[in-house]
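K.L.:
Residue numbering for the sequence shown follows full-length UniProt numbering, beginning at 1 and increasing consecutively.
Beta carbons: idealized from backbone N, C-alpha and C, even for Gly.
Bear in mind that the values here come from a model prediction, so they are computed numbers and not experimental data.
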Amino acid sequence: MTGQGKQAYRDVVTPAYTSETDTYVFQYSPPEHRRVVSEARHQNYKGPPMKILLLGKPCSGKGTIAPMLSRAYRAVVVSTGNLLRAEVKAESVLGAIAEEQMAKGKLLPSRLLLSLIQARLTHRDCGANGWILDGFPRSPEQARLLAEAELVPDCIVVLERPDELVREFALGRMQDSATGTIYHPKFNPPPPDAVHRLVWRTDDTPEVIESRLRQHHATMQRTLAEFKGVPTAQIDSARSDLDTFADVCDFVEAVAARKLEALGEEGLRRVSTEVDSRLKDVEVAPEEGEGPDAGTLVAAVRRCNRHDIRHYLPVYMGDSQERTRTLEGLVQSLVSAGVIDGTSVRDELQTPLARMERAAMIHFGVTLLQVPSHGVHVNGYTAIKVNGGDWWRPHKVWLGVRSMSKATYPGLLDQLAAGGLSSGVSLKENVVRECMEEASVPLSFSKNILPAGQVSYRYSTRKGLSTKILTVFDLQLPEDFVPFNGDGEVEEFRLVPIKEALDSIRQPNCALVMIDFALRHGFVKADDADYLELCHSLRAGHVPQ
Numbered sequence: 001m002t003g004q005g006k007q008a009y010r011d012v013v014t015p016a017y018t019s020e021t022d023t024y025v026f027q028y029s030p031p032e033h034r035r036v037v038s039e040a041r042h043q044n045y046k047g048p049p050m051k052i053l054l055l056g057k058p059c060s061g062k063g064t065i066a067p068m069l070s071r072a073y074r075a076v077v078v079s080t081g082n083l084l085r086a087e088v089k090a091e092s093v094l095g096a097i098a099e100e101q102m103a104k105g106k107l108l109p110s111r112l113l114l115s116l117i118q119a120r121l122t123h124r125d126c127g128a129n130g131w132i133l134d135g136f137p138r139s140p141e142q143a144r145l146l147a148e149a150e151l152v153p154d155c156i157v158v159l160e161r162p163d164e165l166v167r168e169f170a171l172g173r174m175q176d177s178a179t180g181t182i183y184h185p186k187f188n189p190p191p192p193d194a195v196h197r198l199v200w201r202t203d204d205t206p207e208v209i210e211s212r213l214r215q216h217h218a219t220m221q222r223t224l225a226e227f228k229g230v231p232t233a234q235i236d237s238a239r240s241d242l243d244t245f246a247d248v249c250d251f252v253e254a255v256a257a258r259k260l261e262a263l264g265e266e267g268l269r270r271v272s273t274e275v276d277s278r279l280k281d282v283e284v285a286p287e288e289g290e291g292p293d294a295g296t297l298v299a300a301v302r303r304c305n306r307h308d309i310r311h312y313l314p315v316y317m318g319d320s321q322e323r324t325r326t327l328e329g330l331v332q333s334l335v336s337a338g339v340i341d342g343t344s345v346r347d348e349l350q351t352p353l354a355r356m357e358r359a360a361m362i363h364f365g366v367t368l369l370q371v372p373s374h375g376v377h378v379n380g381y382t383a384i385k386v387n388g389g390d391w392w393r394p395h396k397v398w399l400g401v402r403s404m405s406k407a408t409y410p411g412l413l414d415q416l417a418a419g420g421l422s423s424g425v426s427l428k429e430n431v432v433r434e435c436m437e438e439a440s441v442p443l444s445f446s447k448n449i450l451p452a453g454q455v456s457y458r459y460s461t462r463k464g465l466s467t468k469i470l471t472v473f474d475l476q477l478p479e480d481f482v483p484f485n486g487d488g489e490v491e492e493f494r495l496v497p498i499k500e501a502l503d504s505i506r507q508p509n510c511a512l513v514m515i516d517f518a519l520r521h522g523f524v525k526a527d528d529a530d531y532l533e534l535c536h537s538l539r540a541g542h543v544p545q
């Protein structure tokens, strides 16, 4: 294809665009339609977790169908392209190698790719919910490596799209740098107000597309031949995405029915008990969802601190010495009550035995001793100059939409990055790592992260009383930076005004962090209703009761 033809494909502003594929009834539905259709499939699905290989030519629809399958079956999407693009955006060493190879249309070494994939597929969420592997394997050698790693799929879906349609889509597709939405001048035209934000992938060139098409035709059938006995379906994707999705689901669910029959009752029970057992945070009732009707700010804070202290043993203590003295008194009371045999008590204090996994603490009643679990949250925001340019004021914040495969709060809004705090890792090290892993924030940006204090909360669970302390960080980001998640845990990122974020975000711990951000930066005024209660309740977990 000539350079002039390439430019014509990319012309999204003027009406000069001409199409070479008018014979195909090919269209993309609005994202909200795709979500509704996918969710309807989920409501009717009663099968086991599925492991799905999603293969096809470049630009055959894998990036559209994979998230829909994830929402329908709650499986984790693992895309080799996204994993690599996350490394590139984070400016890692692997990212530099990947960027150079991808720009040339070349594949990275198979074992290097496998190590990335294997690390992700062995996470607990993939075992509990199933997975959708997009873009691997692309050769017989890679298929054999996958088998050697014992990563065997339940079924294989191959999306079929004619070469000429692949070319037109690849050379015309563009991404909204603020929302991540993919547009195309013919198949999904961008709104006028988004045109100035559109960016193109550096590897979307005629030379790279032709190279990838040749590789696909040369290896696909031999690659599929390596998966003897694995159910495989070739599905037409040169049409409506909803029609393609329906056929893919029909095939997957037919395979799932056979898998369910083979598992039997005991097997299904075993699979069901493998569901990710990480502790859920504060429960969000159906009527307490996100959006304009999510309720007042103070209601969000109160929801995080639901508990009745009368239901718990009052052994709240400030430090290790006080805890030791209090427990000594408790032991003596139990001896007096005959619960502990007094003759066995020798006044021998034990040395500390071990440090404990954060998520397991509540199962051992540790939180009853007022030992909180800790985490970090990062407010990523853009800012504008005010007062004639004297200072910067936050204007919009980046919020992530949690993947539907997440064990806690699937589909709800989250901060730019967040995670638990492991023993032996400093707060700064932890927060830089979370920013890189969850949002591909490069080190050149994350060095500007600023600590902004803590929020905390305490609530009842069926396992006991839980106390959480979140250390908060602020990170001002350039206007042209767009977060990118490569491991499938974030469905998309949204850049929204502060007021909209306050009205929308209701994942409990994230709501506290957002309210704290708004208070610190003057978006909640001292004269506003419930101001004092907000200030006090944002740190309720710090206060012994």
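How many Å lie between Leu465 and Tyr459 at the Cα?
P.N.:
Residue mapping note: residue 465 aligns to position 465 of the sequence shown, counting from 1. Residue mapping note: residue 459 aligns to position 459 of the sequence shown, counting from 1. Roughly 6 Å between the two C-alpha positions.
K.L.:
Taking the beta strand (DSSP E) that Thr461 falls in, what are its first and last residues?
P.N.:
Counted from its first residue, the sequence shown places residue 461 at position 461. Segment 450-461, the beta strand (DSSP E) holding Thr461.
K.L.:
Using DSSP with H/G/I as helix, E/B as strand and the rest coil, what is Ala526?
P.N.:
The residue labelled residue 526 in the question sits at position 526 within the sequence shown. Looking at Ala526 - three-state DSSP - the assignment turns out to be coil, as it is neither helix nor strand.
K.L.:
Buried or exposed: Ala501, going by 16 or more other Cβ atoms within 10 Å of its Cβ?
P.N.:
The residue given as residue 501 occupies position 501 in the sequence shown. Classification for Ala501: buried.
K.L.:
Can you tell me which of the three DSSP states Val432 falls into?
P.N.:
Position 432 of the sequence shown, counted from the start, is the residue given in the question as residue 432. In the structure shown, Val432 sits in a helix (DSSP, three-state: H, G or I).
K.L.:
Across which residues does DSSP place His395 in a beta bridge pair?
P.N.:
On the sequence shown, position 395 is the one that residue 395 refers to. Paired residues: none, contrary to the question.
K.L.:
Just to check my reading of the structure: Phe187 and Gln27 have Cβ atoms closer than 8 Å, yes? What is that Cβ distance to the nearest angstrom?
P.N.:
Translated into the one-based positions of the sequence shown, residue 187 becomes position 187. Translated into the one-based positions of the sequence shown, residue 27 becomes position 27. Indeed, because the Cβ distance is near 6 Å, the residues count as touching under 8 Å.
K.L.:
What's the call for Gln142, buried or exposed, on a 16-neighbour Cβ count within 10 Å?
P.N.:
If you number the sequence shown from 1, residue 142 lands on position 142. By the neighbour-count rule (16 or more Cβ atoms within 10 Å), Gln142 is buried.
K.L.:
Out of curiosity, what's the CA-to-CA distance linking Leu83 and Ile117?
P.N.:
Residue mapping note: residue 83 aligns to position 83 of the sequence shown, counting from 1. Residue mapping note: residue 117 aligns to position 117 of the sequence shown, counting from 1. If I take the Cα positions, the gap works out to 8 Å.
K.L.:
I'd like the span of the alpha helix (DSSP H) that includes Thr223, first residue to last.
P.N.:
Residue mapping note: residue 223 aligns to position 223 of the sequence shown, counting from 1. Looking at the DSSP string, the run of the alpha helix (DSSP H) that includes Thr223 is 206-225.
K.L.:
Measuring straight from C-alpha to C-alpha, what distance separates Pro108 and Lys525?
P.N.:
Working through the sequence shown from its first residue, we reach residue 108 at position 108. Working through the sequence shown from its first residue, we reach residue 525 at position 525. Note on identity: in this sequence residue 108 is Leu, with Pro being the wrong assignment. Distance between the alpha carbons of Leu108 and Lys525: 53 Å.
K.L.:
Given a cut-off of 8 Å on the beta-carbon distance, is the pair Arg74 and Asn129 in contact?
P.N.:
Working through the sequence shown from its first residue, we reach residue 74 at position 74. Working through the sequence shown from its first residue, we reach residue 129 at position 129. In this structure, Asn129 lies closer than 8 Å to Arg74 by Cβ.
K.L.:
For chain C, check one thing: does any of its Cβ atoms lie closer than 8 Å to the Cβ of Ala86?
P.N.:
As a matter of chain content, chain C is missing from the structure shown, which is built from one protein chain.
K.L.:
Please report the straight-line C-alpha distance between Leu297 and Ile515, rounded to a whole angstrom.
P.N.:
For the purposes of this step, residue 297 is identified with residue 297 of the sequence shown, where counting begins at 1. For the purposes of this step, residue 515 is identified with residue 515 of the sequence shown, where counting begins at 1. About 7 Å.
K.L.:
Helix, strand or coil: how does DSSP classify Thr232 here?
P.N.:
Here residue 232 is taken as the residue at index 232 of the sequence shown, counted from 1. Here Thr232 sits in strand by DSSP.
K.L.:
Under the criterion of a Cβ to heavy atom distance below 7 Å, does Glu491 qualify as lining the ligand MG?
P.N.:
Among the components modelled here there is no ligand, and therefore nothing to report on the ligand MG.
K.L.:
So, are the CB atoms of Tyr409 and Lys396 less than 8 Å apart?
P.N.:
Position 409 of the sequence shown, counted from the first residue, corresponds to residue 409. Position 396 of the sequence shown, counted from the first residue, corresponds to residue 396. Contact: no.
K.L.:
So, helix, strand or coil for Gly130, using DSSP?
P.N.:
Within the sequence shown, numbered from 1, the residue matching residue 130 stands at position 130. DSSP places Gly130 in strand when its eight states are reduced to three.
K.L.:
Could you spell out where the alpha helix (DSSP H) holding Asp503 opens and where it closes?
P.N.:
The residue labelled residue 503 in the question sits at position 503 within the sequence shown. 498-504 is the extent of the alpha helix (DSSP H) around Asp503.
K.L.:
What residues are listed by DSSP as bridge partners for Ile182?
P.N.:
Here residue 182 corresponds to residue number 182 of the sequence shown, with the count starting at 1. Bridge partners of Ile182: Gln175.
K.L.:
Flag this pair as yes or no: are the beta carbons of Glu39 and Arg71 separated by less than 8 Å?
P.N.:
Position 39 of the sequence shown holds residue 39. Position 71 of the sequence shown holds residue 71. Yes, the Cβ-Cβ distance between Glu39 and Arg71 is below 8 Å.
K.L.:
Figure out for me which residue from Arg35, Thr23, Ile132 has the closest Cα to the Cα of Val76.
P.N.:
In the sequence shown, the residue the question calls residue 76 occupies position 76. Checked all of Arg35, Thr23, Ile132; the closest Cα to Val76 is Ile132.
K.L.:
Taking 8 Å as the threshold (C-beta atoms), are Phe473 and Ile498 in contact?
P.N.:
Taking the sequence shown and counting its residues from 1, one reaches residue 498 at position 498. Taking the sequence shown and counting its residues from 1, one reaches residue 473 at position 473. Contact: no.
K.L.:
Are Val335 and Gly342 close, meaning C-beta to C-beta below 8 Å?
P.N.:
Counting from 1 along the sequence shown, the entry for residue 335 is found at position 335. Counting from 1 along the sequence shown, the entry for residue 342 is found at position 342. Yes; because the gap between Cβ atoms is below 8 Å, this pair is in contact.
K.L.:
What is the rounded straight-line gap between the Cα of Ala452 and the Cα of Leu470?
P.N.:
Looking up residue 452 in the sequence shown gives position 452. Looking up residue 470 in the sequence shown gives position 470. Approximately 11 Å between the Cα atoms of the pair.
K.L.:
In this structure, what does DSSP give as the bridge partners for Met50?
P.N.:
As a first step, residue 50 must be located in the sequence shown, where it is residue number 50. Gly130.
K.L.:
Among Thr467, Glu492, Ala518, Thr122, which one has its Cα closest to the Cα of Ala540?
P.N.:
Numbered from its first residue, the sequence shown carries residue 540 at position 540. Minimum Cα distance to Ala540 is reached at Thr467.
K.L.:
Roughly how many angstroms lie between the CA atoms of Lys259 and Ile52, to the nearest whole one?
P.N.:
The residue you call residue 259 lines up with position 259 of the sequence shown. The residue you call residue 52 lines up with position 52 of the sequence shown. Their Cα atoms are separated by approximately 13 Å.
K.L.:
Once you ignore the five residues that flank Leu145 on each side, which residues in its own chain have a CB closer than 8 Å to its CB?
P.N.:
On the sequence shown, position 145 is the one that residue 145 refers to. Closer than 8 Å at Cβ, skipping near neighbours: Ser110, Arg111, Leu114, Pro137.
K.L.:
Please state whether DSSP places Ala337 in a helix, a strand or coil.
P.N.:
Here residue 337 corresponds to residue number 337 of the sequence shown, with the count starting at 1. Note: Ala337 maps to coil in three-state DSSP.
K.L.:
At which residue ranges does the stretch 89-147 contain complete alpha helix (DSSP H) runs of 4 or more residues, listed in the order of the chain?
P.N.:
Counting whole runs of 4 or more residues, the stretch 89-147 contains the alpha helix (DSSP H) stretches 93-103, 110-121, 124-129.
K.L.:
Going by Cα to Cα distance, which pick from Gln321, Gly267, Gly488 is closest to Lys406?
P.N.:
As a first step, residue 406 must be located in the sequence shown, where it is residue number 406. Closest option to Lys406, Cα to Cα, is Gly488.
K.L.:
Check the C-beta distance from Leu399 over to Val496 and give it rounded, since I have them as a contact under 8 Å.
P.N.:
Start at 1 with the first residue of the sequence shown, and residue 399 comes out as number 399. Start at 1 with the first residue of the sequence shown, and residue 496 comes out as number 496. Right, the Cβ-Cβ distance comes to about 6 Å (below 8 Å), so this counts as a contact.
K.L.:
Thinking C-alpha only, which one of Val230, Ser240, Lys104 is nearest Phe251?
P.N.:
Walking along the sequence shown from the start, residue 251 turns up at place 251. The shortest Cα separation from Phe251 among Val230, Ser240, Lys104 belongs to Val230.
K.L.:
If you follow the beta strand (DSSP E) that Thr382 is part of, which residue opens it and which one closes it?
P.N.:
Taking the sequence shown and counting its residues from 1, one reaches residue 382 at position 382. Note, Thr382: beta strand (DSSP E), 373-386.
K.L.:
Whole-angstrom Cβ separation of Ser156 and Leu263, contact assumed at under 8 Å?
P.N.:
Sequence index remark: in the sequence shown, residue 156 carries index 156 (1-based). Sequence index remark: in the sequence shown, residue 263 carries index 263 (1-based). One detail in the question is off: residue 156 reads as Ile in this sequence, not Ser. Actually they do not touch by this definition, with Cβ atoms about 20 Å apart.
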